[in-house]
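Residue numbers (the UniProt record's numbering), protein chains in the order written: chain A, 1 to 209; chain B, 1 to 209.
Each residue gets a CB set at the ideal place from its N, CA and C atoms; glycine is no exception.
Encoded as structure tokens, the structure appears first; notes follow it.
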DNA sequence: CGTATCGGATACATACTTGTATCGTGAACA
DNA sequence: TGTTCACGATACAAGTATGTATCCGATACG
């Protein structure tokens, strides 16, 4: 047995910066490839290639492809929450805040709607894999909670009453952005970005246009 | 050149009943397996096995897996349109008709929400494959047209004005059912079936509850 | 009743993918 | 400056997929 008071070896760093960087590059590449090819269509090989590594690096950082998806979905959900809270921090009118939140929920600007594609991909994968389902459901819940918080804040400060519970409103908003953006990927021009905020949002808020 | 007036050979049947039956069984099996495993995850082998055939039968009826998806998505869209028009034919009140149409759009009863899963799967595949995209976009358009027709009929006979164009309304409805049912697959109990018709629909119709 | 052909089975060639086991190199620490 | 170990590369072992080429039996027709 090892000497009790001698810390076996405080490793060079908790997790070295280098390791962190490779993980990040692999995750970036993975988000591209998953969006382009889907979970099964994406190969570990292509992900590593695009990240500039070989599969050796991959299996040194992730235990499997499924493991990678868990990490990736977590990171993506955190990014969404980040965008939501950032949009909420702007000192604009409550309506503007809600619009911005809608937009933030939809996708990262300039990313060619990759994020919503990934979300769909994660969801489908989660339907089929129990581990991924637990993880993804937790992430979705975090996103919903962030949204409920923001929406509650916005509507009380504007002193309006939603025609449904805030939770329902948030779920509807999420389903709607998800569904409409997916549609737009096969039929550009269908239900444009702005229409959701300008046409549907007021109706859902119960505000006469 | 063949003698003009002698029809070369009116084949046994345009397409023999037996062939038709096999194709149908394969399509049924395919809709199960695609829903369970996704496009890439589904193997031709498993589809055939479940249909009670070997791959020989498959490649004798379809030229490839992609070809199968095209046929399957067409069949599925036709089923949806069938359900929609059937729901519209009921001589109920316009509100009831719209509710029924919503429900019909969502899924085939008793099919464990397989249809909406397939729809998502088709959509994702269509995003990535040009051929599938053309076919699926056409099917989606047909569904929308059927919906616009029904909705227009229902609202004029009830003499109300939508707070948006009928086309927008229909797109919103489709995005919403699609998105919410997908959510429900990973988190049962989220935005229940009835809530859409009873809570959201009236709001979208611009009717005070 | 013989026969052509259709429909499906079998067998095969080929290509890919995942994951493991092993090895080498360079950075950080004593 | 020597040494160790972390990190990533290389090589390998299976397993699995698609699609093709060929074969065989049943069915419909003359």
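Non-local C-beta neighbours of residue 49 (chain B) in its own chain, meaning closer than 7 angstroms and more than five positions away in sequence, are absent. Judged by DSSP secondary structure, residue 119 (chain A) falls within the alpha helix (DSSP H) whose first and last residues are 114–128.
By the rule that beta-carbons nearer than 8 angstroms mark a contact, residue 38 (chain A) touches chain B. Under the three-state reduction of DSSP, residue 94 (chain A) is assigned to helix.
Going by DSSP, residue 68 (chain B) is part of the alpha helix (DSSP H) stretching over 65–89. Contact annotation: in the region 183–201 of chain B, residues whose CB is within less than 7 angstroms of a CB in chain A are 183, 185, 186, 187, 190, 191, 195, 199 and 200. Residues of chain A whose Cβ lies closer than 9 angstroms to the Cβ of residue 147 (chain B) do not exist; the shortest such Cβ separation is about 13 angstroms. Taking a Cβ-Cβ threshold of 9 angstroms, none of the residues of chain B is close to residue 74 (chain A); the smallest such distance is about 15 angstroms. Short of 6 angstroms from the beta carbon of residue 94 (chain A), and not among the five residues preceding or following it, lie these beta carbons of its own chain, in chain order: 154, 157 and 158. B:80 is the residue among B:80, B:67, B:38 and B:36 whose C-alpha sits nearest the C-alpha of residue 143 (chain B). Using a Cβ distance threshold of 8 angstroms, residue 61 (chain B) and residue 18 (chain B) do not count as a contacting pair. Going by C-alpha positions, residue 72 (chain A) is about 25 angstroms away from residue 119 (chain B).
If the five residues before and after residue 96 (chain A) are omitted, its C-beta is found closer than 8 angstroms to the C-beta atoms of 90, all from its own chain and listed in chain order. When CB distances to chain B are screened at a threshold of 8 angstroms, the residues of the region 36–63 of chain A falling below it are 36, 37, 38, 39, 40 and 41, in chain order. Shown here, residue 181 (chain A) sits in a helix according to DSSP, grouped into three states.
Within 10 angstroms of the beta-carbon of residue 199 (chain B) lie 16 or more other beta-carbons, which makes it buried.
Bounds of any alpha helix (DSSP H) do not take in residue 53 (chain B), whose DSSP letter is neither H nor E.
Inter-residue distance for residue 135 (chain B) and residue 163 (chain B) is about 31 angstroms (C-alpha atoms, whole angstroms). Setting aside the 5 residues that flank it on each side, residue 55 (chain B) is surrounded in the same chain by 44, 45 and 48, each with a C-beta closer than 8 angstroms to its C-beta; the list follows chain order.
Not a single C-beta of chain B is nearer than 8 angstroms to the C-beta of residue 116 (chain A). Contact between residue 178 (chain B) and residue 116 (chain B) holds, with the beta-carbon distance rounding to 6 angstroms and staying under 8 angstroms. With a threshold of 16 other beta carbon atoms within 10 Å, residue 207 (chain A) falls short and is exposed.
Neighbours of residue 31 (chain B) across chain A, judged by C-beta separation under 8 angstroms, do not exist; the nearest C-beta is about 16 angstroms away. Neighbours of residue 133 (chain B) across chain A, judged by C-beta separation under 7 angstroms: 186.
When the beta-carbon positions are compared, residue 175 (chain A) and residue 27 (chain B) stay at least 8 angstroms from each other.
The beta carbon of residue 124 (chain A) sits closer than 8 angstroms to some beta carbon of chain B. Setting aside the 5 residues that flank it on each side, residue 51 (chain B) is surrounded in the same chain by 25, 26 and 29, each with a C-beta closer than 6 angstroms to its C-beta; the list follows chain order. Taking residue 42 (chain B) as the centre and dropping the five residues before and after it, the same chain places the C-beta of 33 and 34 closer than 6 angstroms to its C-beta, in chain order. Taking the Cβ atoms as the reference, residue 69 (chain B) lies roughly 6 angstroms from residue 132 (chain B), within the contact range of under 8 angstroms.
With respect to residue 139 (chain B), residue 182 (chain B) sits apart: the two C-beta atoms are not nearer than 8 angstroms. Residue 187 (chain A) and residue 168 (chain B) do not touch by the CB rule: their CB atoms are close to 14 angstroms apart, not below 8 angstroms. Residue environment analysis places residue 66 (chain A) among the exposed positions, since fewer than 16 neighbouring C-beta atoms fall within 10 angstroms of its C-beta.
Under the DSSP assignment, residue 159 (chain B) falls outside any alpha helix (DSSP H); it carries neither an H nor an E label. For residue 32 (chain A), the enclosing alpha helix (DSSP H) covers residues 17–41.
Within chain B, the C-beta atoms nearer than 7 angstroms to that of residue 120 (chain A) come from 120 and 124, in chain order.
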